[in-house]
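Protein chains in written order, with our numbering: chain W, 563 to 907; chain B, 345 to 792.
From the three backbone atoms N, C-alpha and C, an ideal C-beta is built for every residue, glycine too.
Take a look at the structure set out below.
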């Protein structure tokens, strides 16, 4: 098997996919999180400002989902096909919610009628909240495993099977960390009374996160078999949960010092460490089978050919710096507090 | 209904709906690049007003295109799992390249394009416009490459058997430049330019009829008329080249397009007609030997007909393929006639005197849209029964685990949400058109 720096191609691609979905979780995380606070803002102007805070960025942030999905399809077609067809209904709901959410952003402030704006506000709030929750549910199910039989055929239920207590807990954890991210992001982008309200909301968000995270962690340790196997072999990785805890503990201090950008970095780091934890826990499995571990989808039996992975690694090596450049430019352009003008939503 | 049919209906519905928007974005994008370029070059305020106006419509179109496009990306996995595993090795790299090179470019610069007027210099804004336009062009490239590979696979070998069989790439560039991709990319780009140009033509024709925004409308009309005339004519060339490729690589599809059944005989070219698949006849108006002439420059040359293929290896919906193909051709011809007549009037200095011509232009916005859809329906239905031509059947490609009830559920959801989305799109574009490019009561632009 071909390698780069001693790492085989499927593992490299596992890192690429992990990186892309982490980028998605961190960047769209604050978009979805901001939206999940939407109905907590009472005034029309506050809601408009909140939408325009993500206004110029969300389309770009969404690119990470699109590239992540493409990377999964390209590098691990078996994983892409098995997971999406097994979780057909949850993913269809996710996709429809994405459409509703982007419609809400685009059309909410297009009319002045109260009923129009209120309807879109509710759609925006619900879609963001459910998207964040569903993403967590997907993650929870991946950690728990699917009923996969021979030849990667899915044997389980179509909807409620995915709503196990554990998946629901991971769903709440994801929602809560997104909401924490979202509140910090909005603090960075707003002023005045909305800003002071957010300081208060952020505290609630963090409590929500810490509680759901603690429950989920306990649940994982007690009920998810094999979760600590990788850690027993490589104890050094115990540093990841500690780091994620330190990172999140740093957030309130930075917020009270009004260093919001840095606080956002640290809450993003929390998320990054947690996702690394997940990746490390799974590796080299992508989707564990609960029927027989021989049926699990792994990075090796799901991967595209060496040739194809080599091509895609080249594409990434060329494309990633370009994309990073675009993003730096975009975020630099829209640095600072939200100001509404005739181009705003 | 069975799973295969439902999965096909859902894919056809979601892709056809999606395909209303990206071609418009590409087409309007081209016109915005020209308008903003002219503004920077001449400093004429009219072009700035036009750019800003079309940007508003572009933003709505682009947004719906993205929203409905994400669904497509995941629908391969949800509904076509076997197919996804089969083509992932090949298709995947095209999709990944699309995301990274094309979509990354357009989506990041889109924010600057729409919200950046007051934050970046006019030059940087212009560069963003070009970035978004190029991004949307590249997107089309990779998506059409992937689809063309399904039509004319190249640069691959098949590994494994049965459900675990899959195509693996052996030569990336042979895969990218498979026999049909270049022709089809150009054809798709041109179709997109036409849908954008005719939208602009239509809106400004409407203003001219109403006597509103006359000065800027004349400018916008002329710019898009030139594009529309050039592109609709060159569409003939790429269309011919594309059909030529089909005759070599997918003879069953070509035969279905003209309803040609006989194994090996000279084939006719129909202007219009109706195919009776039972009796293997076409009733309509034809040029005898016309297809033979187009393919071989010889009215007597033989063309492989549908009967040269076993029934299970050729398209079953021959009349549908025939009709879609002919709708596309007829509209293409009409657009050439319309635009060249308008150019002729322009040359005689009478372009804007003809109210009825403007009225035709006002309604013509639908025509490239219909032609684009019809062309794709002909291409995709003509590929049947194959999902990957010659290798994987559509009936083998869908997700084995998904039941028809699940698809029915999602299909109904799509119908409802897309109907809503379409209404919103029509409503907001209509509103932007009614509001117009600027406040006419102030009238500062018409004087300058």
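At a cut-off of 9 Å between C-beta atoms, residue 903/W counts as an interface residue with respect to chain B.
Each residue's CA atom was taken as its position, placing residue 599/B and residue 633/W some 38 Å apart.
Look at residue 464/B here: in three-state DSSP terms it is coil, with no helix or strand label. In this structure, residue 487/B sits away from residue 537/B, with a CB-CB distance that is not shorter than 9 Å.
Within chain B, the residues 417 and 418 have their CB atoms less than 7 Å from the CB of residue 631/W, given in chain order. Annotation: residue 511/B is outside any alpha helix (DSSP H); the continuous beta strand (DSSP E) that includes it extends over 510–513.
Straight-line spacing of the CA atoms in residue 852/W and residue 713/W works out to 14 Å. Not a single C-beta of chain B is nearer than 9 Å to the C-beta of residue 752/W.
Sixteen is the threshold: since fewer than 16 other Cβ atoms of the shown chains lie within 10 Å of the Cβ of residue 784/W, the residue is exposed.
DSSP, read as helix, strand or coil, puts residue 628/W in helix.
As the crow flies, the alpha-carbon of residue 674/B is around 8 Å from that of residue 615/B.
Any Cβ of chain W closer than 9 Å to the Cβ of residue 389/B would place that residue at the interface, and such an atom is absent. At a cut-off of 9 Å between C-beta atoms, residue 597/W does not count as an interface residue with respect to chain B. In this chain, the beta strand (DSSP E) harbouring residue 625/B covers 625–631. Within the stretch 680–706 of chain B, contact with chain W at the beta-carbon level (separation under 9 Å) is assigned to no residue. Closer than 9 Å to the CB of residue 352/B there is not a single CB belonging to chain W. The beta carbons of residue 615/W and residue 820/W sit about 17 Å from each other, so the pair does not count as a contact at 8 Å. Residues of the same chain with a CB within less than 7 Å of the CB of residue 481/B, apart from the 5 flanking positions on each side, are 370 and 533 in chain order.
For residue 473/B, same chain residues with a beta-carbon under 7 Å away, outside a window of 5 residues either side, are 376, 377, 380 and 457 in chain order. Between residue 461/B and residue 396/B, the C-beta spacing is below 9 Å. In chain order, 731 place their CB closer than 7 Å to the CB of residue 777/W, counting only its own chain and leaving out the 5 sequence neighbours on each side. If you draw a 10 Å sphere on the C-beta of residue 738/B, you find 16 or more other C-beta atoms in it, and that means buried. Rounded to whole angstroms, the gap between the alpha carbons of residue 588/B and residue 528/B is 12 Å. Against residue 462/B, the close residues of chain W are 903, in the order they occur along the chain (beta-carbon pairs closer than 7 Å). Any Cβ of chain W closer than 9 Å to the Cβ of residue 783/B would place that residue at the interface, and such an atom is absent.
In terms of Cβ geometry, residue 809/W and residue 842/W do not form a close pair [threshold 9 Å]. Cβ contact annotation for residue 406/B (same chain, cutoff 6 Å, sequence separation greater than five): 369, in chain order. For residue 719/W, no Cβ of chain B is located within less than 9 Å of the residue's own Cβ. The three-state reading of DSSP puts residue 352/B in helix, counting H, G and I together.
If you check the CB distance, residue 646/W and residue 428/B come in under 9 Å. In this chain, the beta strand (DSSP E) harbouring residue 617/B covers 613–620.
Residue-level contact by beta carbon holds for residue 744/B and chain W, with a gap shorter than 9 Å.
Apart from the 5 residues on each side of it in sequence, residue 627/B sits with its Cβ closer than 8 Å to the Cβ of 617, 618 and 620 in its chain, given in chain order. Between residue 849/W and residue 855/W, the C-beta spacing is not below 9 Å. The Cβ of residue 860/W sits no closer than 9 Å to any Cβ of chain B.
In the DSSP annotation of this structure, the continuous segment of the beta strand (DSSP E) that includes residue 503/B starts and ends at 500–503.
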